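Numbering of the sequence shown is given in full-length UniProt numbering, commencing with residue 1 and proceeding in unit increments. C-beta: ideal position from N, C-alpha, C; glycine also. Quick caveat, the model's predicted, so the values are computed rather than measured. First comes the structure, then the notes that go with it.
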Amino acid sequence: MKAKHQRLVLALVALVALIGAGLLAASALKDEAAYFYTPTDARTKGMEPGRAIRLGGMVVKDSIRRAPDGVTIRFAVTDNKATVPATFSGIAPDLFKEGTGVVAEGAFDAKGTFVATNLLAKHDERYMPPELEGMTYDDKARDDMARTMTVAK
Numbered sequence: 001m002k003a004k005h006q007r008l009v010l011a012l013v014a015l016v017a018l019i020g021a022g023l024l025a026a027s028a029l030k031d032e033a034a035y036f037y038t039p040t041d042a043r044t045k046g047m048e049p050g051r052a053i054r055l056g057g058m059v060v061k062d063s064i065r066r067a068p069d070g071v072t073i074r075f076a077v078t079d080n081k082a083t084v085p086a087t088f089s090g091i092a093p094d095l096f097k098e099g100t101g102v103v104a105e106g107a108f109d110a111k112g113t114f115v116a117t118n119l120l121a122k123h124d125e126r127y128m129p130p131e132l133e134g135m136t137y138d139d140k141a142r143d144d145m146a147r148t149m150t151v152a153k
């Protein structure tokens, strides 16, 4: 075989290997591409029990129930189309409360309840600490403040 043909064969083999690796990676990640499933996604796709996923949505108002053990929490997650019952055993984040966003990591059990192993509470991107709530400055207030400030020598 001539050198020119050897380079061509080597290039084709490398190209086939590269395409094969890409297809393998794509097939392995196809179900993991979404950051989380909504309750509607979870219901329509029929998540099999025990398969680890992330479930995201809003915590249903008046759904949080704490078990007598003080550790287990029962709640419901909704996307306003479907609602999924969920449980979590552990210390919930401070921002976890009814009517707020949550991403729960875990799996469905055989009864269709989502058993969370980790909770990620989502907050509003316009979040402001309670002690600063209502404090906004318009241009006039900033100008007035700048005029009244003096620099100590």
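What number of angstroms, rounded off, separates the C-alpha of residue i from the C-alpha of residue j?
i    : j    : result
T100 : G22  : 39 angstroms
L95  : G20  : 45 angstroms
V16  : L119 : 42 angstroms
V71  : I91  : 7 angstroms
R7   : L18  : 16 angstroms
F36  : A52  : 11 angstroms
A14  : A67  : 59 angstroms
A82  : I73  : 20 angstroms
L132 : A26  : The predicted model places L132 with a pLDDT of 48, which falls under 50 and marks its position as unreliable; any figure quoted below should be read in that light. When rounded, the distance between both Cα atoms is 47 angstroms.
In three-state terms, what does DSSP make of residue i?
i    : result
V60  : coil
A82  : coil
L132 : Caution is warranted here: a pLDDT of 48 is assigned to L132, below 50, making its placement in the model unreliable, and the coordinate value is therefore given only provisionally. In the structure shown, L132 sits in a helix (DSSP, three-state: H, G or I).
What whole-angstrom Cβ distance do residue i and residue j have, given they're in contact under 8 angstroms?
i   : j   : result
G57 : T78 : 5 angstroms
K97 : V59 : 7 angstroms
Can residue i and residue j be called in contact, C-beta distance under 9 angstroms?
i    : j    : result
S89  : F75  : no
E48  : F114 : no
L55  : A116 : yes
V102 : P39  : no
Given the structure, does residue i come close to the ligand PLP, in the sense that its CB is under 8 angstroms from one of the ligand's heavy atoms?
i  : result
A3 : Only the bare structure without any ligand can be found here, which leaves the ligand PLP out of the picture.
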